[in-house]
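Chains A and B are the protein sequences, given in the same order.
Going by the working numbering, the residue at position 18 of the first sequence is 18; the numbering climbs one at a time, nothing skipped.
Going by the working numbering, the residue at position 107 of the second sequence is 107; the numbering climbs one at a time, nothing skipped.
Quick notes on the structure that follows.
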Amino acid sequence: MSVGESSTPLGKVRGLGSAQHGGEHWLTERVTSIALLLLGTWLLASLLLLPKLDYRTLVEWLHAPSGAIPMTLFVIIGFKHALDGVKVTIDDYVHEEGPRFAWNTLLLFLAVGGGAIALYAIARIAFGAVA
Amino acid sequence: MVKTGLGGAVGLPETCLAKGRALSGRPMASTRPRPLSPHLTVWRWGPHMAVSILHRATGIALSFAGLGILAWWLFAIASGPDAYASFTKAATHPLGLVVLVGITWSFFQHLLSGIRHLVMDTGAAFELGINKTFAILTIIGSVLLTAAVWFYFMGVAK
Numbered sequence: 001m002s003v004g005e006s007s008t009p010l011g012k013v014r015g016l017g018s019a020q021h022g023g024e025h026w027l028t029e030r031v032t033s034i035a036l037l038l039l040g041t042w043l044l045a046s047l048l049l050l051p052k053l054d055y056r057t058l059v060e061w062l063h064a065p066s067g068a069i070p071m072t073l074f075v076i077i078g079f080k081h082a083l084d085g086v087k088v089t090i091d092d093y094v095h096e097e098g099p100r101f102a103w104n105t106l107l108l109f110l111a112v113g114g115g116a117i118a119l120y121a122i123a124r125i126a127f128g129a130v131a
Numbered sequence: 001m002v003k004t005g006l007g008g009a010v011g012l013p014e015t016c017l018a019k020g021r022a023l024s025g026r027p028m029a030s031t032r033p034r035p036l037s038p039h040l041t042v043w044r045w046g047p048h049m050a051v052s053i054l055h056r057a058t059g060i061a062l063s064f065a066g067l068g069i070l071a072w073w074l075f076a077i078a079s080g081p082d083a084y085a086s087f088t089k090a091a092t093h094p095l096g097l098v099v100l101v102g103i104t105w106s107f108f109q110h111l112l113s114g115i116r117h118l119v120m121d122t123g124a125a126f127e128l129g130i131n132k133t134f135a136i137l138t139i140i141g142s143v144l145l146t147a148a149v150w151f152y153f154m155g156v157a158k
């Protein structure tokens, strides 16, 4: 794919960089970081303000939409941000294409797998499968 | 070009500068090492560098230990009181507490240096003084916030 004289600055930056995703990956990292600034503050404040951190209190907290919805967002955006961040480290230090692809694939599976476990757990509590 | 104060000795290698210092009896201003541009092996540790590498290190710690423990914690709550009891047993073990305090500090350090990065992304805070102060503040802030959170947790003794 050639990037000729006629392309715009945005068109030139797309598809570049070690990740081959140019500016989009970079921008996604920033946007998710702003979301996590809010959601991380929410999670920390919740843990500090809950009357107790025992089993019953936590189940009630995550059963209510006010707990389940932000926690779902925190898990999805947190795992996405972690995936993007660790990927940059892999792209920085693993220079050969084969091993880099292997590490990035392993990372993707870990992130999606870990996120799925966390989301399943939240759903179970939110939908009342936990007494 | 190097001024040595030795009368026309211009462009001498560094060893001659050292001799110039010895001859004069006291260090001459002109014999101080000349500033060098940072290069692969020419650099000195500073708060900005430390915070930069800490941002990556704490990010990796949060990605694996932080999110790993979060998933474990949520799954334990979803699996019932017994599973949650074994989670709290591990979490309140001295080693577990060390890990949790470490994650708390990583969270605050990554959050504060993340804010610093967002500010710098706008093109601000690149001046040497502000940049250094900002870097030091993220470390002071993360340590103070971690201490505050854990004093609160211990004080409430949940």
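Idealized CB from N, CA, C, for every residue including glycine.
{"query": "Extent of the continuous alpha helix (DSSP H) run through Trp43 of chain B", "result": "Here Trp43 of chain B belongs to no alpha helix (DSSP H), and DSSP marks it neither H nor E."}
{"query": "Contact the region 86-96 of chain A vs the region 122-134 of chain B: 3+ CB pairs below 8 Å", "result": "no"}
{"query": "Range covered by the alpha helix (DSSP H) that runs through Asp84 of chain A", "result": "65-93"}
{"query": "Runs of alpha helix (DSSP H) wholly within the region 72-104 of chain B (minimum 4 residues, chain order)", "result": "81-92"}
{"query": "Min CB distance Gly114 of chain B to chain A below 8 Å", "result": "yes"}
{"query": "The region 75-85 of chain A in contact with the region 23-35 of chain A per 3-pair CB rule at 8 Å", "result": "yes"}
{"query": "Environment of Phe107 of chain B [buried if 16+ CB atoms lie within 10 Å]", "result": "buried"}
{"query": "Distance CB(Ile103 of chain B)-CB(Ile69 of chain B) smaller than 8 Å", "result": "yes"}
{"query": "Sufficient close CB pairs (3 or more, under 8 Å) joining the region 60-73 of chain A to the region 102-110 of chain A", "result": "no"}
{"query": "Val130 of chain A (DSSP reduced to helix, strand or coil)", "result": "coil"}
{"query": "Straight-line gap, Thr31 of chain B to Leu118 of chain B (C-alpha atoms, nearest Å)", "result": "41 Å"}
{"query": "Pairwise C-alpha distance: Gly114 of chain A and His95 of chain A", "result": "26 Å"}
{"query": "Under 7 Å (Cβ pairs) to chain B, residues found in the region 104-129 of chain A", "result": "Gly114, Ile117, Ala118, Ala121, Ile122, Arg124, Ile125"}
{"query": "Buried/exposed call for Tyr93 of chain A, threshold 16 Cβ in 10 Å", "result": "exposed"}
{"query": "Distance between Ala129 of chain A and Ala116 of chain A (C-alpha atoms, nearest Å)", "result": "17 Å"}
{"query": "At least 3 beta-carbon pairs within less than 8 Å: the region 43-63 of chain A vs the region 41-54 of chain B", "result": "no"}
{"query": "Chain-order list of residues whose beta-carbon lies under 6 Å from that of Thr146 of chain B (same chain, five-residue window excluded)", "result": "Thr104, Trp105, Phe108"}
{"query": "Spatial neighbours of Leu36 of chain A in its chain, beta-carbon cut-off 7 Å, leaving aside the 5 residues before and after", "result": "Ile77, Gly78, His81"}
{"query": "Where Gly123 of chain B sits in the DSSP three-state scheme", "result": "coil"}
{"query": "Anticipated Cβ contact below 8 Å, Ile69 of chain A with Leu74 of chain B, distance rounded", "result": "With a Cβ gap of about 14 Å, Ile69 of chain A and Leu74 of chain B do not count as contacting."}
{"query": "Where the alpha helix (DSSP H) through Thr146 of chain B begins and ends", "result": "128-156"}
{"query": "Coarse secondary structure for Ser6 of chain A, derived from DSSP in three states", "result": "coil"}
{"query": "Short CB-CB distance (under 8 Å) between Phe107 of chain B and chain A", "result": "yes"}
{"query": "Alpha-carbon to alpha-carbon, Asn104 of chain A and Leu100 of chain B", "result": "27 Å"}
{"query": "CB contact check: Arg100 of chain A to chain B, cutoff 8 Å", "result": "no"}
{"query": "9 Å Cβ cut-off: residues of chain B touching Thr89 of chain A", "result": "Arg56, Gly59, Ile60"}
{"query": "Proximity test, Cβ basis, 8 Å: Ile77 of chain B and chain A", "result": "yes"}
{"query": "Nearest residue (CA-CA) to Ala126 of chain A, options B:Val149, B:Ile77, B:Leu97", "result": "B:Ile77"}
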